[in-house]
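All residue numbers for the sequence shown refer to my numbering, where the first residue is 26 and numbers rise by one.
Don't be surprised by glycine CBs; every beta carbon is placed ideally from N, CA and C.
Structure first, commentary second.
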Amino acid sequence: MISRTHIWRRRLIISLAFLLILLALMFGVLRMLLPHVTNYGDNIREQLVKQLGVPVSIQTVEAEIWWLSPRLKLSVVDIYDPDGIRPMLHVDEILVGFDWLASIQQRQLQLGFVAFNGSDVQIKHFADGRWQIQGVMLP
């Protein structure tokens, strides 16, 4: 006769093994898809333009996995004034990390962090949704 404790322990081990296999498959698929993110550089730029309301240029977009989390690396990013004439902000590199657990829970992409490298910048985000970069109010 098998005890109830033994049955529950066996179910727990099987469940954990299934979860581990599922996570391994998810990360395998993610690693296969990440190199194709570079094809979406224009879409990423368009989303930034839409969010900020000013012209943006991005030289390169790369994707990688860092500590089991996907992240984007945007290189040589320029954010222009509303007229699109002069750069308000130049950043050598922007790293964007994603929180995959929160993304799964909320069923939409959730940012984990944003890091700017190679810039000296003052950015303000107001409660009404407006942005101010380097003293210039964005539309």
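Could you tell me the alpha carbon to alpha carbon distance between PHE138 and LEU44, rounded to whole angstroms?
26 Å
Would you list, in sequence order, the uninterrupted alpha helix (DSSP H) runs of no fewer than 4 residues that lie entirely inside the segment 118 to 158?
125 to 131
Residues of its chain near GLN135, where Cβ-Cβ distance is below 7 Å and the 5 sequence neighbours each way are ignored:
PHE123, ASP124, ALA127 and SER128
Pair every Cβ in the segment 103 to 113 with every Cβ in the segment 50 to 65, then say whether three or more of these pairs are closer than 8 Å.
no
Taking a contact to mean a Cβ-Cβ separation below 8 Å, would you say SER94 touches HIS115 in this structure?
no
Does any residue of chain C bring its CB to less than 8 Å from the CB of LYS98?
Chain labels in this structure do not include chain C; a single protein chain is all it has.
Going along the chain, which residues of its own chain have a beta-carbon closer than 7 Å to the beta-carbon of LEU77, five neighbours each way excluded?
ILE104, TRP156 and LEU163
Own chain residues within Cβ distance below 6 Å of LYS149, not counting five before or after
Excluding five sequence positions before and after LYS149, the CB atoms of its chain that fall closer than 6 Å to its own CB belong to GLN157, given in chain order.
Can you say whether VAL102 is buried or exposed, counting buried as having 16 or more other CB atoms within 10 angstroms of its CB?
buried
CB-CB under 8 Å to TRP91, same chain, minus the five flanking residues each way: which ones, in chain order?
Result list for TRP91: GLY122, in chain order.
Can you list, in chain order, the residues of its chain with a C-beta nearer than 6 Å to that of ILE39? Leave out the 5 residues immediately preceding and following it.
none
For ARG70, which residues in the same chain have their Cβ closer than 6 Å to its Cβ, ignoring the five residues on either side in sequence?
Cβ within range, chain order: VAL81 and ILE83.
Is it buried or exposed, ARG96, if we count other Cβ atoms within 10 angstroms and call 16 or more buried?
buried
Looking at GLU118: is its Cβ nearer than 8 Å to the Cβ of SER100?
Contact flag set, yes.
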